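In this note's numbering, each residue's number is its place in the sequence shown (first place is 1) plus 1226.
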Amino acid sequence: MIRKGKLMNQLDKKIKQMVKKTNCPTSKEYNQKIDHILETIKSSESDTAPSRTSFFSFKKAGIAACALAAAALVCIPVSAKISDYVKERMEHMEPEEQAQYVEANDSQKMTKEHDTEALLYSRDLSADENNRYAALWNKYNEEGLFPEGSLEIVEKLEDGMQIASPIYETYNREIFLPERELTDEELLQMIDFSIKSAYAVSHTPEAQKIIQAQQEFNRNPYPDETDLSEDAAITRASTYLKEMYGIDCSEMDATAEYWLGYGFGDYGDYEVTFTESDNTSYSVDLNGKTGSLSLLKIVKDGVDYASYSLSPTTADESFLRSNYKNAKKIMTSAFNSDVTVTKATCGYNTTSDGKIENGSVYYFIGLSNDAVYGVQYSIDSDFFGFIYQLSAEGWPQYDAPAAPGFVELQLEP
């Protein structure tokens, strides 16, 4: 018998699950403490045309609002008050300076190993540095104590470079620190960098979109009378799993959580989770108003396929093309018979020796109902364990060329 859980309306919980990247300074140990379900995935609905790699990468596609916006919200909640000192300082930033901070936090400029990570320090702060950092943070906000200079920002450090003072490296999203006690000025520069980064990113069009959606959701964080009921959402989610994977959820425990959602249609999604055992579960996100599929994630035998990382695997183009029929079958079975495939590709990143990075490829399938989905396929496991919606407005168009090492196979719909 299906047992339902309480509706959840705590947006902060979902934002923290959505994003590991945050502009709040942390040590390397911070990453081990983040309880993430979804990796940071970037909007395919940006007001500007992103590169094709931002479309053909799970880590950067599918969320209807920029992950950096979510990061800014985690660091500085919308409801949090900042002092008049800080407000004035932020508002007096020139557009060029704001653009510099947005660029410094652009995941496109980071390594694939670090583009979902929190801001790192190259070493832990000492107890004294931590105490002074906290005290200076308060003085920064409450007394307007600002640094005389700015934290140095570089795209990538030179090999063997000696660190004489704190430097932020975009490539690894890391502040490299000298092996000595930091001065108050240096700590203030790090605080200033963090606050300015969050402010600049939160004022991008993508960030403003999620902030507005959050504010609207917070005013009424419950399903509307025209939305699906909790029972209907659970039934719809179980139907997706039955039709797509042949999984019978009728005897599993089920929980339904209502949250902000991904924005495919009106904001407001149900996340329905079916638990088969301690190490196997199925999560289905669907739009609360239409019931359309936003995301499907499987945890099987302890493996979370939404964050499954494998070793590089040899590419076999003929197999990937023939395997498309299985991805197509999964997606078309989720909809009624009049929904057909209009466009399909297979995309993956390669290593320097031509292997498939992380052992996973992504089938991108455009449907006649204008929805576009990504279907992740783990080669060694021979399993489609993660599906996510990329667009509700048809196949995105991009002007930028594909990045080096990215392979795209055109498939017959």
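Just so it is clear, CB atoms sit at the ideal spot from N, CA and C, and this is done for glycine as well.
As the structure is a computational prediction, the values presented were derived from the model and not from experiment.
Reference residue i, options the options, closest by Cα
i: Tyr1574; options: Asn1584, Thr1568, Val1565 and Val1567; result: Asn1584
i: Leu1522; options: Glu1469, Pro1431 and Ala1426; result: Glu1469
i: Ser1533; options: Lys1555, Glu1502 and Gln1602; result: Gln1602
i: Ser1406; options: Thr1396, Glu1322, Asp1385 and Asp1354; result: For clarity, residue 1406 is Arg in the given sequence; the question names Ser instead. Out of Thr1396, Glu1322, Asp1385 and Asp1354, Asp1354 has the C-alpha closest to the C-alpha of Arg1406.
i: Ser1586; options: Ala1439, Pro1538, Asn1505 and Met1319; result: Pro1538
i: Ala1458; options: Asn1513, Gly1528 and Glu1378; result: Asn1513
i: Ser1455; options: Asp1495, Asp1608 and Ser1507; result: Asp1495
i: Val1567; options: Lys1551, Ser1578 and Gly1580; result: Lys1551
i: Glu1314; options: Asp1527, Asn1505, Ala1480 and Asn1367; result: Asn1367
i: Glu1497; options: Tyr1448, Ser1503, Tyr1484 and Gly1620; result: Tyr1484
i: Gly1631; options: Tyr1311, Ser1578 and Leu1383; result: Ser1578
i: Glu1369; options: Asn1398, Leu1351 and Val1312; result: Val1312
i: Thr1452; options: Tyr1488, Val1427, Tyr1493 and Gly1472; result: Tyr1493
i: Lys1555; options: Tyr1589, Pro1447 and Gly1620; result: Tyr1589
i: Leu1377; options: Glu1395, Phe1500, Ala1360 and Asn1364; result: Glu1395
i: Thr1499; options: Gly1489, Glu1384, Asp1511 and Pro1447; result: Asp1511
i: Val1633; options: Thr1576, Ser1604, Asp1608 and Phe1609; result: Thr1576
i: Ser1507; options: Ala1480, Asn1549 and Gln1324; result: Ala1480
i: Lys1435; options: Gly1487, Asn1398 and Tyr1448; result: Gly1487
i: Ile1181; options: Thr1501, Gln1440 and Ala1426; result: The first residue shown for the chain is 1227 and the last is 1639, placing residue 1181 beyond what the model contains.
Residue span of the beta strand (DSSP E) that contains residue i, given as start and end
i: Thr1568; result: Val1567 to Asn1575
i: Leu1637; result: Phe1632 to Leu1637
i: Glu1314; result: Counting along the chain, Glu1314 falls outside any beta strand (DSSP E), though it belongs to the alpha helix (DSSP H) covering Asp1310 to Glu1317.
i: Tyr1484; result: Asp1479 to Trp1485
i: Tyr1588; result: Ser1586 to Leu1593
i: Glu1374; result: Neither: Glu1374 is in no beta strand (DSSP E) and is coded neither H nor E.
i: Thr1488; result: Reading off the sequence shown, one finds Tyr at residue 1488, where the question assumed Thr. Careful: Tyr1488 lies outside any beta strand (DSSP E) and carries neither H nor E.
7 Å CB neighbourhood of residue i in its chain, flanking five on each side removed
i: Pro1373; result: Glu1411, Leu1414, Gln1415 and Asp1418
i: Asp1332; result: none
i: Thr1516; result: Gly1491
i: Ala1560; result: Tyr1466, Glu1469, Met1470 and Leu1519
Where residue i falls: helix, strand or coil (DSSP)
i: Asn1398; result: coil
i: Leu1345; result: coil
i: Ile1260; result: Low per-residue confidence applies at Ile1260: pLDDT is 27, beneath 50, and the placement is therefore not dependable, though the value from the model is reported in the following sentence. The answer is coil: DSSP assigns Ile1260 none of H, G, I, E or B.
i: Asp1527; result: coil
i: Asp1608; result: coil
i: Pro1303; result: Residue placement at Pro1303 cannot be trusted, given a pLDDT of 37 that sits under 50; the coordinates are not used to answer.
i: Asp1354; result: helix
i: Tyr1366; result: helix
i: Tyr1359; result: helix
i: Ala1295; result: In this prediction, Ala1295 scores a pLDDT of 38, lower than 50, which makes its location untrustworthy; the coordinate-derived value is nonetheless stated afterwards. Ala1295: helix per DSSP, three-state reduction.
i: Tyr1508; result: strand
i: Ala1290; result: Because Ala1290 carries a pLDDT of 27, less than 50, the predicted location of this residue cannot be relied on, and the following value inherits that uncertainty. The answer is coil: DSSP assigns Ala1290 none of H, G, I, E or B.
i: Tyr1603; result: strand
i: Glu1583; result: helix
i: Gly1620; result: coil
Cβ neighbours of residue i in the same chain (closer than 6 Å, five flanking residues each side left out)
i: Asp1273; result: Its pLDDT being 33, under 50, Asp1273 is placed unreliably by the model, and nothing is read from it.
i: Ala1570; result: Ile1591, Leu1637 and Pro1639
i: Lys1422; result: Tyr1327
i: Tyr1531; result: Ile1524, Gly1611 and Phe1612
i: Tyr1359; result: Leu1413
i: Leu1383; result: Glu1395
i: Pro1449; result: Tyr1484 and Gly1514
i: Ala1553; result: Tyr1589 and Val1601
Segment limits, alpha helix (DSSP H) that includes residue i
i: Lys1551; result: Glu1543 to Thr1558
i: Phe1443; result: Pro1431 to Arg1445
i: Leu1413; result: Asp1410 to Ser1428
i: Gln1388; result: Run containing Gln1388: none; DSSP gives neither H nor E here.
i: Tyr1493; result: Looking at the DSSP string, Tyr1493 is not in any alpha helix (DSSP H), and its letter there is neither H nor E.
i: Ile1460; result: Glu1456 to Tyr1471
i: Glu1322; result: Pro1321 to Ala1330
CB contact check: residue i to chain D, cutoff 8 Å
i: Phe1443; result: The question asks about chain D, but that chain is absent: this structure has only one protein chain.
Cβ-based neighbour list, residue i, same chain, cut-off 8 Å, excluding 5 preceding and 5 following
i: Ser1348; result: Ile1389, Glu1400, Ile1401, Phe1402 and Leu1403
i: Leu1362; result: Leu1371, Asp1410, Leu1413, Leu1414 and Ile1417
i: Asp1564; result: Ser1594
i: Thr1252; result: With a pLDDT of only 35 at Thr1252, under the threshold of 50, the placement of this residue in the model should not be trusted; the figure read from the coordinates follows. Same-chain partners within the cutoff: Ala1344, Leu1345, Leu1346 and Tyr1347.
i: Lys1581; result: Pro1538, Thr1539, Thr1540 and Ala1541
i: Ser1391; result: Glu1378, Pro1404 and Glu1412
i: Arg1547; result: Cys1572, Leu1635 and Leu1637
i: Glu1381; result: Lys1335, Glu1395, Thr1396 and Tyr1397
Contact between the segment 1455 to 1465 and the segment 1475 to 1482 (3+ Cβ pairs under 8 Å): yes
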